[in-house]
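Colleague: Below: one structure in C-alpha cells.
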Amino acid sequence: MKNQPAILHQLFGLIRYELLMHWRRRGLPLSMVLWLVGVSGGGLLLKQGLGSVETAATLQSPTLARLSNTYTIGLSASSVSTIFAVFVLAVLCAETLPLDRQLGAREWLQSLPLGNALYLLGKLLGVWVMVIVGLIGIGSVGGGVNRLLNGAFDWGLYGWMWGTIILPIALCVSGLSVLLAVTLARRRLAPFLGVGLALVIYIFLVPALLDHMAGQVTRFIFRNKDLIVQEMCRSQPADCQTLTAAVAEGLSPAGNAVTLSRVSLPQLFLIGAALLVVVGGLAWLWLRWREEG
Amino acid sequence: MQSPLFLRYFRLTAQIIGWFPPLGGAVAMGLGLALVASAPPEAQTWPPVRIVEAIVPLGVALQAAFILAPDSEAPLEMLCALRRPLDGILLNRMLTLLLMQFAAALAASAATMVLPDSESFFAVVARWLSPSLFVGGLSLFTVQLTRQGVFGALMTTLLWGGLLFGGDAMVARWPFTLPFHIFLQPASVSLADYVLNRCVLLIVGVGVTLGALYLVRDEERVLGLRGGKT
C-alpha cells in the first residue's frame, strides 16, 4: 500500500468513506435485505400461482420439474430485481452527493488536494462496490433459498440473468442517480430526482430488458424441447402423440409460447455506458463551474 | 402593506419544506395527461385519471419523509428550544405540504374532466385523497420512528411501486388485503368495498400521522439522546 500513487490512495479512501456512509445510514443495506426477500419469495409465489397449469408429467419427472423451476424462478427473480434496481437504487443513491454538501463534508474535501473528477469517481465507485457486493449476496443467497423452497433449477441461466441484465441495469441506474444529483444542494430534493430518473428508465429501458429476459427464458425452454417431449411421453405414454403435437405447436417460433427477443443486449449496454460517460462529464463540468469558476 | 401573519407564516414554511416538489408533481401530471390525451385510443394503456392517482401519493409521501427528518434537519436543537412544541411545527409543515400538493392535485383532477371518458370530480379526488394521506402518514411515522429520512423514502417507494405493479395480484390472492390496496380501481370492486377501502386508508393515514406527532413530542428521543438511532 505504501508504494501506491497518491491518487490511488485518495480513490480508495473515498470508496471506503462512501461504503461506510452507506453502511451506517442503513438505507441501502436494508433495501437489499428486502430485495433478497422479494427474490426468495417471488419464485414460490409465482410457482403457486402457476400450480394450476403444472401437469402431472411435470410433477412426476425431475427433469421437467427442473425446467419448470428455471422458468418460474428466472422470470420472478428478474422481474422483482428489475423493479428494485430501478426504483429503489435510483431513490437511495441520489442523496450521495447532496448529503456531502449538506453535512459540510464537500467544503472540507475541497480544501484537500483532491480533484473534482477523482471525487466524482470515488463516490461513484463507492456506490458501485456496495451495489455489486449486495447483488452478489442477493443473487447467491436468493438462488440458494429458491433451490430449497422450489427444488433444482438451471444455475447457468440464473447466473447469466444476474450478470448480464440485473447487474448492468443496477450499475447504470445507481451511477446516473449519483451523478445527476450533483446539482442538488440539499438531500430533500434527491428522492424526487431519483423517482424522476426511475420513471424515465422504467418507461424507456425496462420494457426492452424484460422483453429480452422473457425471450432468453423461453429460448432456454425451446432448446430443451426434445427433452420435454421425451419426458412427457415417458410419464404419460397413452397421450404421447397428443402431447408431442401440443408441445411442437406451442414451442415453435410461430407458436404463442415463444416470444424471441427483438432487443440487442450489446446495443443497450452501449447506450447505458454512453449515458454514464455523458452525464459524468456534465457533472464534472458543473462541479468545475460551480466550485471553481 | 404587510401581508397577514398566517400568509407570511405559510410562505416561510413553504420555503422551508420546499415548493419545488409540488411544482414538479404538477408538471409531471400535466405532461402525463397531455401525453395520454394525445395518444391514439388503442395506445392508451392507462386511463388519464390514473396518472393523477399514481403521482400525487408518491409526491406527498416523498416530501413528507424530509419535512422534519431528524438526521437532516440542521437546526433541530434550536427547534427543540423554541416555545412552540415540536409537534406543532411538524403539524404545521405537514398541513402546508398537503395544501401545496393537494392544490396541484385538484388542478390536475379538474384537467381530467375535459378529457373524453372522464369520471366525476369527486370520484377522481377519491382516487388520490385517501392514498395520499395513507402513504404520507406512513412515511412521516417511519421517519420519526427511525429518525432517518431515507427510511421513509425507501418505504414509500417500495409500497408505491409494489402496489402499483402488484396490488391487483395481491388482492386477488389475499382478498383480506383489499382495504390496504392504495390503487384499487372502483370498476373492479363493489361500491361498498371501494368505500371501505378509502375509509380504512383515511383512518390509518390520519392515525399514523397522529402517531408521528406523538413521537416528536419526546424531544430527547428526536435529538437521539434516548431511543432511536443516534
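Each protein sequence line maps, in turn, to chains A and B. Just so we're aligned: 169 in our numbering is position 169 of the first sequence, and the numbers increase by one with no gaps anywhere. Take any residue in the second sequence, note its place counting from 1, add 293, and you have its number in our numbering. Heads up, the beta-carbon is just placed ideally off N, CA and C, and yes, glycines get one too. All figures in this text were calculated on a predicted structure; none of them were measured in a lab.
1. Identify each residue in the stretch 226 to 244 of chain A for which the Cβ-Cβ distance to at least one residue of chain B is less than 9 Å, and report them in chain order.
2. At what residues does the alpha helix (DSSP H) containing B/D461 begin and finish?
3. Measuring CB to CB, does B/L451 end up less than 8 Å from A/V129?
4. Among B/M322, B/P350, B/A357, B/A327, which residue has its Cα nearest to the Cα of B/L494?
5. Measure the CB-CB distance between B/Q437 and B/V509 and report whether it falls below 8 Å.
6. Residues of chain B with a CB under 8 Å from the CB of A/V195: which are they?
7. Using only the alpha-carbon positions, how far apart do A/L195 and A/M232 sit?
8. If you draw a straight line from the alpha carbon of A/R16 to that of A/G126, how long is it in whole angstroms?
9. Show which residues of chain B have a CB atom less than 8 Å away from the CB atom of A/S81.
10. Could you list the residues in the stretch 87 to 110 of chain A with a C-beta less than 7 Å from some C-beta on chain B, going in chain order?
11. Less than 8 Å separating the beta-carbons of B/T389 and B/V342?
12. Counting contacts by CB-CB distance shorter than 8 Å, is B/S365 in contact with chain D?
13. For B/D364, collect the residues of the same chain with a Cβ closer than 7 Å to its Cβ; drop the 5 residues on either side in sequence, then sort them by chain order.
14. The stretch 16 to 43 of chain A: which residues have C-beta closer than 8 Å to a C-beta of chain B, in chain order?
15. Using the Cα positions of B/V418 and B/R466, report the straight-line distance between them to the nearest angstrom.
16. Rounding to the nearest angstrom, what Cα-Cα distance links B/A485 and A/A94 in this structure?
17. Mind checking B/G429: buried by the 16 CB within 10 Å criterion, or exposed?
18. Which one of B/L316, B/V499, B/F414, B/L431 has the shortest CA to CA distance from B/I348?
19. Can you tell which of A/L265, A/A274, A/I221, A/W108 has the C-alpha that lies nearest to the C-alpha of A/A65?
20. Start and end of the alpha helix (DSSP H) containing A/R106?
21. Where does the unbroken alpha helix (DSSP H) through A/L19 begin, and where does it stop?
22. Could you list the residues in the stretch 157 to 187 of chain A with a C-beta less than 7 Å from some C-beta on chain B, going in chain order?
23. Under a CB-based cut-off of 8 Å, is A/L189 close to chain B?
24. Between A/V217 and A/G38, which are expected to be in contact by the criterion C-beta below 8 Å, what is the C-beta distance as a whole number of angstroms?
25. Sort A/L135, A/Q102, A/V229 by Cα distance to A/T82 and report the nearest one.
26. Using 8 Å for Cβ pairs, my map puts B/L433 next to B/M387. What's the rounded Cβ distance?
27. At least one CB of chain B closer than 8 Å to the CB of A/F204: is that the case?
28. Please classify A/A77 as buried or exposed, where buried requires at least 16 other C-beta atoms within 10 Å of its C-beta.
29. For A/S68, tell me which candidate among A/L44, A/A85, A/V91, A/H9 has the shortest Cα-Cα distance.
30. Which value, in whole angstroms, describes the spacing of the CA atoms of B/G454 and A/P237?
31. Using a threshold of 8 Å, state whether the C-beta atoms of B/V501 and B/L379 are closer than that.
32. Assign B/V353 to one of three DSSP states: helix, strand, or coil.
33. State whether the stretch 95 to 111 of chain A contacts the stretch 180 to 197 of chain A, with contact taken as three or more CB pairs (one from each stretch) at a distance under 8 Å.
34. Strictly under 8 Å for the Cβ-Cβ distance: is A/F192 near chain B by that measure?
35. Which residue's Cα is closest to the Cα of B/V320: B/A400, B/L391, B/D410?
36. Would you decide whether A/R25 is buried or exposed? Buried here means 16 or more other CB atoms lie within 10 Å of its CB.
Modeller: For this structure:
1. Contact residues of the stretch 226 to 244 of chain A toward chain B are absent (C-beta to C-beta distance below 9 Å).
2. 442 to 466
3. no
4. That would be B/P350, whose Cα lies nearest to the Cα of B/L494.
5. yes
6. L351, L355, T450
7. Strictly speaking, residue 195 of chain A in this sequence is Val, with Leu absent from that position. Roughly 47 Å between the two C-alpha positions.
8. If you take the alpha carbons of A/R16 and A/G126, they lie about 7 Å apart.
9. In chain order: nothing, as chain B lies at least about 13 Å away.
10. Residues of the stretch 87 to 110 of chain A with a C-beta atom less than 7 Å from some C-beta of chain B are F87, V88, V91, L92, E95, Q102, listed in chain order.
11. No Cβ-Cβ contact shorter than 8 Å links B/T389 with B/V342.
12. Here the protein chains are A and B, and chain D is not one of them.
13. Cβ within range, chain order: R440, Q441, G442.
14. R25, R26, G27, L30, S31, L34
15. 28 Å
16. 42 Å
17. buried
18. B/L316
19. A/I221
20. 105 to 110
21. 6 to 25
22. R187
23. yes
24. The pair is not a contact, with the Cβ atoms about 18 Å apart (cut-off 8 Å).
25. Proximity to A/T82 across A/L135, A/Q102, A/V229 peaks at A/L135, based on C-alpha coordinates.
26. Going by Cβ atoms, the distance from B/L433 to B/M387 rounds to 7 Å, so yes, they are a contact pair.
27. no
28. buried
29. Out of A/L44, A/A85, A/V91, A/H9, the CA that lies nearest to the CA of A/S68 is found in A/L44.
30. 47 Å
31. no
32. If DSSP states are grouped into helix, strand and coil, B/V353 belongs with the helices.
33. yes
34. yes
35. B/A400
36. buried
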